[in-house]
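Going by our numbering, the first residue of the sequence shown is number 4, and it counts up by one from there. Right, one structure below, let's go through it.
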Amino acid sequence: MSLLSWSYIRRTYLTRPTLLRVVPTGAVLLTGIVATTWTHSLLNQQRDLVVHTHEVIETTKDVLIGLDDAETGQRGYLLSGDRRYLEPYDRALERLGDLRARLRQQISDNGEQVSRVDGLGGLIDLKLAEMKDSIALHDEVGFEAARRREIAMMERATMDQIRAVIGAITEGEKSLLSIRSAEVDEDESRVRIVAILIGLASLLTRTGVELYLARKGLDVRIVVRHPHEKP
């Protein structure tokens, strides 16, 4: 670009009134973009945490359902001797492996919940061992021996202990859910407030510039001249 062309552009477009209009308002808008991006980022993080908490609660429910399915299949086999009842039992065992790993990963950032899940894991291992022993005893000795073993295991109340631990995990997540939902509401309010403040700041800035230009009597009109025309 030639010096003449630059001089023409500067004198024609980059006038003081133009710069006074563009620069302050642009600074306000840039600040608004940064603030809005930051507040939306916080909001998205809190929303992700809320979704994550719901996922943990659902996983704990699925673990309990898997154990109930395994126990139902095991007892159906003990009562009937029909190995078809072991199919849902085997499927439940396979599903429980995935669910336990998922739950452990989901709560890995919460020390209190990690302790509960570790305790739950020990109880689940105990319950699965009890069911496996009953099936083996049924196959080796017969129904009566397996029934006596089942009665003895019922007295241990392992499933009741499992339900109690799962209930504690669920309640812990519900407490987190309440806190995180409140934080989402706060972040949504913050996003709205930032948008309102940026709009007001932009309006006040533009108004202030216009009042300043009017008071100074500056010519704010853009006068277009030919590049070779003298001012």
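C-beta: ideal position from N, C-alpha, C; glycine also. Bear in mind that the values here come from a model prediction, so they are computed numbers and not experimental data.
Through-space distance from Gly202 to Thr42, alpha-carbon basis: Cα to Cα, the separation comes out at about 16 Å.
Nearest to Arg50 (by Cα), restricted to the options Thr208, Ser184, Ile199 and Val194: Of Thr208, Ser184, Ile199 and Val194, the residue nearest in Cα terms is Ser184.
Boundaries of the alpha helix (DSSP H) in which Ser184 is found, first to last residue: Bounds of the alpha helix (DSSP H) holding Ser184 are Thr161 to Lys219.
Between the CA atoms of Asp93 and Ile110 - distance to the nearest angstrom: The alpha-carbon atoms of Ile110 and Asp93 are separated by roughly 26 Å.
Leu46 and Arg166 closer than 9 Å at C-beta: Their beta carbons are not under 9 Å apart, which means Leu46 does not touch Arg166 by this criterion.
Rounded straight-line distance, which links the Cα of Ala204 to that of Val31: Val31 and Ala204: Cα-Cα distance of roughly 7 Å.
Proximity of Pro27 and Gly220 at Cβ, strictly below 9 Å: No, they are not a contact pair.
Beta-carbon contacts of Met134 that lie in its chain and below 8 Å, excluding the five residues immediately before and after: Excluding residues within five positions, the ones whose Cβ falls inside 8 Å are Ala73, Glu74, Gln77 and Tyr92.
Anticipated Cβ contact below 8 Å, Gly122 with Val168, distance rounded: Sure, about 6 Å apart at Cβ, within 8 Å.
Three or more C-beta pairs below 8 Å linking the region 149 to 164 and the region 96 to 110: With the cut-off at 8 Å, the region 149 to 164 and the region 96 to 110 do not touch.
Counted within 10 angstroms of its Cβ, other Cβ atoms place Glu140 as buried (16 or more) or exposed: It should be pointed out that residue 140 corresponds to Leu in this sequence rather than to Glu. With at least 16 other beta carbons inside 10 angstroms of its own, Leu140 counts as buried.
Which of helix, strand or coil DSSP assigns to Asp51: Reduced to three states, the DSSP call for Asp51 is helix.
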